[in-house]
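Colleague:
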Amino acid sequence: MLQIRKRVDIINTGVYIFAGFLESGKTTALQGVLTRNADVINKENKSVIICTEDGEEEYDSNQLEEINTSVVMMEDEESFDLDYLEKIQEDYSPATVYIEFNGMWDLKKFIEKPMPEGWIIMNVFTLVDATTFEIYLTNMRQVIMNPISVSDVILFNRCTENTKKGEIRRPIKILNPNGQLFFSRMDGSIDDGMEDFLMPQEDGIVHVEEDIFCSWFVDCIENPDKYYGKRVAFKAMVTSGKGLSDNQFYVGRLAAICCQADAQFIGFIAEAKENRPNDKDWIEMEATVERGQLSEGKQIILLNANSIKQVDKPEDIYIYA
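FYI, our numbering numbers position 185 of the sequence shown as 185, with every residue one higher than the one before it.
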């Protein structure tokens, strides 16, 4: 069940985006939100649904009339800009705007565009049909991952016993660690698809080989308490970053989500007792996982290096999610 998240910002118009390919369930999900909230919606406040494609499902016009909600169509991506949204503001003065966002359009680009004064994007939801996800992932990987990368909530619907939830979770959590990911079965029941990751330990050390690095990274960010106090060992690349002390550095790997050109660095802050490695060095490191804290108070995983050994750069520097 999709829940609207409330924020404390002082706003005039809250914007909620529902993204996904045609027949992914956007209209059904949004209509469900409106139905569940019908009793608490202030009928005096105007709402607008902006549809960017003509889907199979239709809204209940009687229900929309009861909750003072209008539907408008916008099927030209280039014209879906500030001028258009300001015209919506002028015509309707909405308190809430829901956008059914075309799955073929660039959502990352859209949310970076300016909004009318007082408009705030509150939530971004992406709906995915689990029965067609692999096909889209094979043929249109960058297109389908675009909205997923900026979503607050990602819901895979029409899941079956054969849905490979673990294989779906891994690249998505690497691409969007803060996104909430859920899987909806045919009977309407929902789970988060989390699976137990078995730590490959030997002599009290978790050995993270290249083929499980992505799975280990995701498990770390989702279950950090599981690793605090543990010793880990792996081969990785060193990078520098802002806000680190003289003996700290980032250590991790380049994970190819869509393709090598779009690979992103995944890893953690490490701390050397002495002889901090250089930027772009490749090392084998054994470290103890500890609780760290950023300047703004956020708790993070910190790797306290027990040993660091410089090694040759591998032929293929990428790992694949």
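We put the CB at the ideal spot given by N, CA and C, even for glycine.
Which of the three DSSP states, helix, strand or coil, is assigned to residue 182?
Modeller: Three-state DSSP puts residue 182 in a strand.
Colleague: Nearest-angstrom Cα distance between residue 7 and residue 35?
Modeller: Interpretation of residue 7 is limited by its pLDDT of 47, a score under 50 that renders its predicted location unreliable; the figure taken from the coordinates is listed afterwards. Near 21 Å, if we compare the C-alpha coordinates of residue 35 and residue 7.
Colleague: Where does residue 169 fall in DSSP's three states?
Modeller: DSSP places residue 169 in helix when its eight states are reduced to three.
Colleague: Note the first and the last residue of the continuous alpha helix (DSSP H) segment covering residue 33.
Modeller: Segment 26-36, the alpha helix (DSSP H) holding residue 33.
Colleague: In the DSSP assignment, find the alpha helix (DSSP H) that holds residue 304 and state where it starts and stops.
Modeller: Here residue 304 belongs to no alpha helix (DSSP H); instead the beta strand (DSSP E) covers 299-310.
Colleague: What are the partner residues of residue 129, as DSSP defines its beta bridges?
Modeller: According to DSSP, residue 129 bridges with 157.
Colleague: If distances are taken between C-alpha atoms only, which option among 189, 101, 186, 193 comes closest to residue 180?
Modeller: Answer by Cα proximity: 193.
Colleague: So within the region 42-81, which uninterrupted alpha helix (DSSP H) runs reach at least 4 residues, ignoring any that extend past its ends?
Modeller: Counting only runs of 4 or more, we get 61-66.
Colleague: Do the CB positions of residue 125 and residue 153 come within less than 8 Å of each other?
Modeller: It is a contact, given that the beta carbons lie within the stated cut-off.
Colleague: By Cβ distance below 6 Å, which residues in the same chain neighbour residue 68 in space, the five residues on each side in sequence not counted?
Modeller: Within the same chain, residue 68 has close Cβ partners 43, 46.
Colleague: Whole angstroms is fine: what's the gap from residue 290's alpha carbon to residue 117's?
Modeller: So the alpha carbons of these two residues sit roughly 44 Å apart.
Colleague: Using a threshold of 8 Å, state whether the C-beta atoms of residue 305 and residue 261 are closer than that.
Modeller: Cβ atoms of residue 305 and residue 261: not closer than 8 Å.
Colleague: Along the beta strand (DSSP E) that carries residue 146, what are the first and last residues, could you check?
Modeller: Residue 146 -> not in any beta strand (DSSP E); alpha helix (DSSP H) instead, spanning 141-148.
Colleague: Using 8 Å as the threshold, is the C-beta distance between residue 190 and residue 231 below it?
Modeller: Result no, Cβ atoms of residue 190 and residue 231 do not sit closer than 8 Å.
Colleague: Taking the DSSP output, what are the residues bridged to residue 237?
Modeller: Looking at the DSSP assignment, residue 237 forms a beta bridge with 252, 282.
Colleague: Let me know if residue 100 comes out buried or exposed under the rule of 16 or more other beta-carbons within 10 Å of its beta-carbon.
Modeller: Classification of residue 100: buried, given that the 10 Å Cβ count is 16 or more.
Colleague: By the 10 Å Cβ neighbour count, where 16 or more other Cβ atoms means buried, how is residue 160 classified, buried or exposed?
Modeller: The residue in question, residue 160, is exposed, as its Cβ has fewer than 16 Cβ neighbours within 10 Å.
Colleague: Using the beta-carbon count (16 or more within 10 Å), is residue 307 buried or exposed?
Modeller: Residue 307 should be labelled exposed.
Colleague: Exposed or buried, what is residue 248 when buried is set at 16 or more other beta-carbons lying within 10 Å of its beta-carbon?
Modeller: When all chains shown are included, residue 248 counts as buried.
Colleague: Does the region 193-203 come close enough to the region 235-242 to have 3 or more Cβ pairs within less than 8 Å?
Modeller: Touching, no.
Colleague: Nearest-angstrom Cα distance between residue 195 and residue 23?
Modeller: For residue 195 and residue 23, the distance between alpha carbons rounds to 28 Å.
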